[in-house]
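Chains as they are written, first to last, in our numbering: chain A, 1 to 327; chain B, 1001 to 1356; chain C, 2001 to 2296.
Report on one structure; see the data block that follows.
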Amino acid sequence: MADPLLEVSGLRVRFRSRGSVVHAVQGIDFTVEPGQTLAIIGESGSGKTVSAYALMGLLPPTAQVSGSIRFKGVEVVGLGERELQDHRGRNAAMVFQNPERSLNPTMKVGNQITEAVRRHLPLSREQAHQRAVELLRMVRIPAAERRFHEYPHQLSGGMRQRVIIAIALACEPALLIADEATTALDVTTQAQIMNLLLDLQQELGTALLMISHDLALAASYAEEVMVMYAGRFVERAPAADLFGNVRMPYTRALLDAIPRTDLEPHVLLPVIGGRPPDLSTVVPGCAFAPRCPDAQPDCREQAPALEQHGMGHWWACWHPCGKEAAS
Amino acid sequence: MTGTPAITVTEPGALLEVRNLVQEFVLRDYGGVKGGVLQAVSDVSFDLSAGETLGIVGETGSGKSTLARSVIQAPPPKHGSVIFQGQDLVGLSHRAMKPVRRDLQMVFQDPFTSLDPKWTVSRIVAEPLVAYAIGSRADRRERVNSLLDLVGLDPASYGRRHPRELSGGQAQRVAIARALVLEPKLILCDEPVSSLDVLVQAQVLNLFEKLRSELSLSYLFIAHDLAMVRQVSDRVAVMYLGKLCEIGPVRDIYRRPLHPYTLALLDSIPNPEPAAGNREADHVISGELPSPLNPPSGCRFRTRCPRAQDLCATQTPQLRPLGVDGHLVACHFPLSGASPAPAGSQSDAEPAAVKR
Amino acid sequence: MAAPVASLALGVPEADPAAPQRRSRGRGLLRSLEITIPGAILLVLLFFCFIWPLVYPVPSPTSGSVLDANLPLWSPGHIFGTTNVGYDNMARILYGGRTTFEVAAAVQAIGLVVGGLLGVIAGYAGGIVEAVLMRVLDVFIAFPSLVLILAIVDGLGQSELHVIWALSAFSIPAVARVARAGTLRLRDQPFVVAARLSSVRSWRIISGHIVPNLMPQLFTFSLLGTGIIIILESGLDFLGYGIPDPAPSWGGMIAYGQTVMSVALSPLVVPSLFLFGTVVCLNLVGDGLRNRWGVR
């Protein structure tokens, strides 16, 4: 069995701000195998983006990271900036949400790719140019040679995101992290980009870690889904299992909240009230208990641990939902 | 321009009748020179009955938000008419619009820019009442409080807060309360939940539903997401590059879409059911959105349509009824099996095989 | 079935018992040293210029005995020494400072009110109103500031009031520009569109929505501009066109100090330090507030 590409254990991230400490990530563990497609799902404030940034070493100095992130056996936590720059791009690359903000508006698109290429690979300018055009073709941008010389504002949102993907893949990293990469795109463009990412995965053998709030998207494209709430994983399962077999009430709530095309219109969506908890206080007990429709007294006393029950299906709940078929 | 004769008015005196609406923006270079004309909304016509919710779906560049702004005359459209409660709003002066605005209100996409950051919640919701000089101060306070209750915000704890002290969902509820305070008949909702988290989206959508039935409201609900619009709509219209592609009863649009673009939109919705097999979606459309400054001739969707033929480039398809009553589509080769061949086309030619 | 979930669907008010924790803004303000220290210095200076002479018998700045002429620094009874005709320098600093602050406050107030009003009207109305107003103000901006001010004072005659008019001709267009730019930006914000949609009258939109949201920007702009106003005013005094002799002014004292520089440094250095210190403190406070309020 191949060694895992990425092993995260006990990852915690704390931010110190104005006297209070925000516990953004409260101990998560997971592994990514080479070529695997994983998704981390959560709402804003769940800690998913902070986790992704921690994997890339992109957190600001105010963040205190503890725990372990081992990439191909090498520890990332605690690395200096120079080693981190090496790690980013070679080992893992990230695609962000806003293509406008990730591209330099004053630089030609092709040059931004060659810049990334030449940072990590000892290529001549000519060779880097060739590689850049190759990459543009790989992300299915038509007329790649011509597009090389264009500026970001001349491209549509979907095309810009493809360029970002090209930059991310410039050095063939083993892991690609897509942080809400398609959230700002149109639905049809989103489908195109997701299909592109999956095809590229197959071609290059890259592992893909999707970070999103969109559970339906994750379920459609990922092999395994991890649901995050208030800094912890609360449920984790292969995508196919998750939807027939939801156990954690929070995941159930997320699923129920998705407007589905097979439901009758004008029917009220089942939904829970309240908001995610304030992460500057760590309460005993399950973080979801205040909002959980199935909460019992013991839920408030002790936080359930994430445990494996059944084949690859983990959940952290004292009173999981029964085996009701989602229909 | 006489426009399309094909629209059949559903019943006389519908709440809102939009006819041949055109909205243009002149792009100027830095010297003030006219650089081009962007036709954001191009010959759009539809009806909305009282108590009905019409969902308008479109992606970037479809013109849906511009359409909403044109209906409320901010700014007024270049051509066409907007007949609201029997009165054409186009050409009305700002003052003459005043009585109309009591019945026509809007909820915007981002609650944090649609609420004045320096005002308190109570003051924000009361503003329209003050503008129309309705009631005494005590009356207004009472009305504001009852509205805040109606949208699920406790007046005692929320009345004095500022928008920055609210979450996205709470702020949007305030915006909704403000839109309701004059007791309007029709509310335009411009992507009202797009900027909210998933669970909050569902809460607010439910709120829209509840208000609709309790207050007998009509909505023009704009979204980029077909799934979301389905929950709240009676009829749905699909727009592409400023034109209406298809309009019809909601169940019908989803079960039997007639326009290739509608089908592509439906197929692009990620489906959490594992058996759906998204990866086999043949209808994911290829290509990029053409520039709105220079839209394709004839049917604007033809550059990305797997069924396009020569006719599509030469003749702009008009909205015509097809299938179920009230279902109209603007396509020369719609998806239904039995399509009446438009005059002058090749006879019943098989559309090109559907390809990725 | 899903009964417990469905019952929570609606009608449940937002559960948010604790208001989000926010320190009161005042306390947070005092924590920024970059604002508090220069601010405190300015307050001390203002105190000494305006209040101190009311409670302590400060010698008159424009009378004294020739017998006490040209006393050096730290002389008993005359901390900053005296001028060549025996006037007490400390008193001249205090009274000169009074003039400086009075003029600065008046000019900025006029600038804010008149300039702000013109700018907001131009920005909101647009069209021909904006065009005319802006072109008229552009004429004033086109002149180099000192030239403009000199011309006005020369035309009107020397006095504190005329200095104020002249400096206002400088500050009004500057504030108007900023006000107009801010108004243009605010006018397209959805909350203004929403107000128009509720048939709120234009003047109410301006006074209720535009001006309050514009105030932080205008205020910090004014504060940062006060330093310039003070320097211009002192420049006028230095050139002899400002506050007429024998009324004390920092610029005038600097001019005098320059003439006796080779013999004694303190008549030059002392008023210069006060001028420099005041302007620096004003700029620090202005910058600090601008950073805190997130104004661009």
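The beta carbon of each residue, even a glycine, is placed where N, CA and C say it ideally should be.
Small disclaimer: the values here were computed from a predicted structure and weren't measured.
Could you tell me how far apart the beta carbons of residue i and residue j are, in whole angstroms, since I believe they sit closer than 8 Å?
| i | j | result |
| --- | --- | --- |
| B/Leu1129 | B/Val1181 | 6 Å |
| B/Ser1194 | C/Pro2190 | B/Ser1194 to C/Pro2190, Cβ: 14 Å. No contact. |
| B/Asn1231 | B/Leu1205 | Checking the sequence shown, residue 1231 of chain B turns out to be Gln, not Asn. Their Cβ separation, rounded to whole angstroms, is 6 Å, which keeps B/Gln1231 and B/Leu1205 in contact under 8 Å. |
| B/Lys1243 | B/Ala1330 | 7 Å |
| B/Val1250 | B/Ser1233 | 5 Å |
| A/Ile211 | A/Ala52 | 5 Å |
Based on the DSSP secondary-structure assignment, which residues constitute the bridge partners of residue i?
| i | result |
| --- | --- |
| B/Pro1321 | B/Leu1328 |
| A/Arg14 | A/His23 and A/Gln64 |
| B/Ala1237 | B/Ile1056 and B/Ile1247 |
| A/Trp314 | A/Arg236 and A/Gln308 |
| C/Thr2082 | C/Asp2088 |
| B/Leu1188 | B/Met1106 and B/Leu1220 |
| A/Ile40 | A/Ile211 and A/Met226 |
| A/Asp179 | A/Ile211 |
| B/Asp1047 | B/Glu1017 |
| A/Ala93 | A/Leu176 |
| B/Val1041 | B/Gln1023 |
| A/Leu6 | A/Val32 and A/Phe71 |
| B/Asp998 | The structure shown does not extend to residue 998 of chain B, since chain B spans only 1001 to 1356, so no value can be given for it. |
Hey, how far is the Cα of residue i from the Cα of residue j?
| i | j | result |
| --- | --- | --- |
| C/Ile2254 | C/Val2263 | 14 Å |
| C/Pro2059 | C/Ala2174 | 39 Å |
| B/Leu1027 | B/Gly1063 | 16 Å |
| C/Pro2216 | C/Arg2177 | 15 Å |
| A/Leu332 | A/Leu175 | Here chain A covers residues 1 to 327 and nothing more, so residue 332 of chain A does not appear. |
| A/Phe288 | A/Val234 | 9 Å |
| A/Leu136 | B/Gly1287 | 15 Å |
| B/Leu1166 | B/Ile1253 | 37 Å |
| B/Glu1280 | A/Ala191 | Caution is warranted here: a pLDDT of 45 is assigned to B/Glu1280, below 50, making its placement in the model unreliable, and no coordinate value can be reported. |
| C/Ala2247 | C/Gly2096 | 8 Å |
| A/Gly157 | B/Leu1148 | 39 Å |
| B/Ser1070 | A/Asp3 | 60 Å |
| B/Ile1247 | A/Ala237 | 40 Å |
| A/Asn104 | A/Asp278 | 35 Å |
| A/Arg291 | A/Val271 | 11 Å |
| B/Ile1134 | C/His2209 | 20 Å |
| A/Leu11 | B/Gln1109 | 36 Å |
| B/Val1354 | A/Val225 | Confidence at B/Val1354 is low in this model, with a pLDDT of 32, below 50, so the placement of that residue should be treated as unreliable; the coordinate-derived value is given next. When rounded, the distance between both Cα atoms is 33 Å. |
| B/Met1097 | B/Leu1104 | 10 Å |
| C/Thr2100 | C/Ala2069 | 25 Å |
| B/Leu1215 | B/Thr1053 | 13 Å |
| A/Glu307 | A/His319 | 13 Å |
| C/Ala2181 | C/Arg2196 | 20 Å |
| B/Phe1221 | A/Asp186 | 18 Å |
Using a 10 Å radius around the Cβ and a threshold of 16 neighbouring Cβ atoms, would you call residue i buried or exposed?
| i | result |
| --- | --- |
| C/Gly2240 | exposed |
| A/Met311 | exposed |
| B/Pro1334 | buried |
| C/Gly2294 | exposed |
| A/Lys251 | In the sequence on display, residue 251 of chain A carries Thr and not Lys. So A/Thr251 counts as buried. |
| C/Pro2076 | exposed |
| B/Gln1119 | This sequence places Trp at residue 1119 of chain B; Gln is not what is there. With 16 or more other Cβ atoms within 10 Å, it is buried. |
| B/His1259 | buried |
| A/Phe243 | buried |
| B/Asp1088 | exposed |
| C/Trp2074 | exposed |
Given 7 Å as the limit, tell me if residue i has its C-beta closer than that to any heavy atom belonging to the ligand FMN.
| i | result |
| --- | --- |
| A/Asp294 | Absence of the ligand FMN from the depicted structure is noted, as is the absence of any ligand whatsoever, leaving it without description. |
| request: Anything in the stretch 1101-1116 of chain B with a Cβ closer than 7 Å to a Cβ of chain A? List those residues in chain order, please. | output: Under the 7 Å Cβ criterion, the stretch 1101-1116 of chain B contributes no residue.
| message | Beta carbons nearer than 8 Å to chain B: which residues of the stretch 173-192 of chain A have them? | response | Of all residues in the stretch 173-192 of chain A, those with a C-beta nearer than 8 Å to a C-beta of chain B are Asp186, Val187, Thr188, Thr189, Gln190, Ala191 and Gln192, reading in chain order.
| field | Chain-ordered residues of the stretch 1152-1174 of chain B with a beta carbon less than 7 Å from chain A | value | Ser1167
| query | Which of the residues in the stretch 1284-1317 of chain B, read from start to end, lie with their CB under 8 Å from any CB of chain A? | reply | Taking 8 Å as the cut-off between beta carbons, the residues of the stretch 1284-1317 of chain B near chain A are Val1284, Ile1285, Ser1286, Glu1288 and Leu1289, in sequence order.
| request: Using a Cβ-Cβ cut-off of less than 9 Å, list which residues of the stretch 1225-1241 of chain B approach chain A; keep chain order. | output: Under the 9 Å Cβ criterion, the stretch 1225-1241 of chain B contributes Asp1225, Leu1226, Ala1227, Met1228, Val1229, Arg1230, Gln1231, Val1232, Ser1233 and Asp1234.
| task | Check distances from the C-beta atoms of the stretch 2-32 of chain A to those of chain B and list, in chain order, the residues that come in under 8 Å. | result | none
| According to a CB-to-CB cut-off of less than 8 Å, which residues of the stretch 1069-1092 of chain B neighbour chain C? | Per Cβ criterion, the list reads Ile1072 and Ala1074.
| request: Taking a Cβ distance cut-off of 8 Å, strictly less, list which residues of the stretch 1131-1149 of chain B are near chain C, in chain order. | output: Ala1131, Tyr1132 and Asp1149
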